[in-house]
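One structure is given here, and the rest of the page talks about it.
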Amino acid sequence: MEQVIFGGWHELLETIGIRYLFLSGGCPPRMAESTAKGIVSTGGKIKNLRVKLDGSPGTGKKYTFTLLLNAAPSALTLEIADTATSGADTTHEVDVVAGDYVSLRCEPTNTPTARYATWTSMFEGSTAKESLLLANSDGWLVDSAGVRYAQASGYSYPRSTDENEARQVCPTSG
């Protein structure tokens, strides 16, 4: 079964310095990869990485996006350079197994114009009727003050003491 994974955030990309993005849902760009990673729950492959910016990086400038697997660069990568506003890697596929971590690295070159970005990729499970839910809580979910709730998919912040604030619709095959 193939599943589309959506991502994006309402902050501008950095124009200097590498930042790390959460592959699924929204999450502020992170300085440390360890705070942007999502754990893979079932085996399969991630492919068809696409990124769209709200404008071009500028002549002689670019953003490079790379899927990281267990903090290491994978073959799934793309550049958005010069006057382009989008890019895609529909050639490479990255095999993942349960327990792997994935994140998206954004690397600016030559101080590009700051832009907003959205991205998608495709997960194809190796087992029929299994899909991937990636979640990230920045490690704050454990709290000595009491029970906290987080969404099953995407970036969960702020934590909530109200279960209703963390509920999500989960489509299933039946």
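Residue numbering for the sequence shown follows the UniProt record's numbering, starting at 1 and increasing by one per position. C-beta atoms are modelled at their ideal positions from N, C-alpha and C, and glycine is treated no differently. Every value quoted in this text rests on a predicted model; they were computed, and no experiment measured them.
Please classify residue i as buried or exposed, where buried requires at least 16 neighbouring CB atoms within 10 angstroms.
i	result
leucine 12	exposed
serine 126	exposed
glycine 55	exposed
Distance, Cα to Cα, residue i vs residue j?
i	j	result
tyrosine 20	alanine 114	15 Å
isoleucine 18	isoleucine 5	22 Å
aspartate 82	threonine 64	12 Å
threonine 90	glutamate 79	13 Å
Where does residue i fall in DSSP's three states?
i	result
threonine 15	coil
glutamate 124	strand
serine 56	coil
serine 41	coil
Closest to residue i by C-alpha separation, out of the options, would be which residue?
i	options	result
leucine 76	Leu67, Thr83, His10 and Ala84	Leu67
alanine 36	Gly25, Gly43 and Thr42	Gly25
isoleucine 46	Ala128, Met122 and Glu130	Met122
glycine 43	Val94, Gly55 and Thr120	Val94
asparagine 110	Pro57, Ala117, Thr91 and Val102	Pro57
alanine 84	Ala32, Asp100, Gly38 and Ala117	Ala117
glutamate 14	Glu79, Arg30 and Ile39	Arg30
glutamate 33	Ser131, Val102 and Glu130	Val102
Any contact of the region 38 to 54 with the region 101 to 117, i.e. 3+ C-beta pairs under 8 Å?
yes
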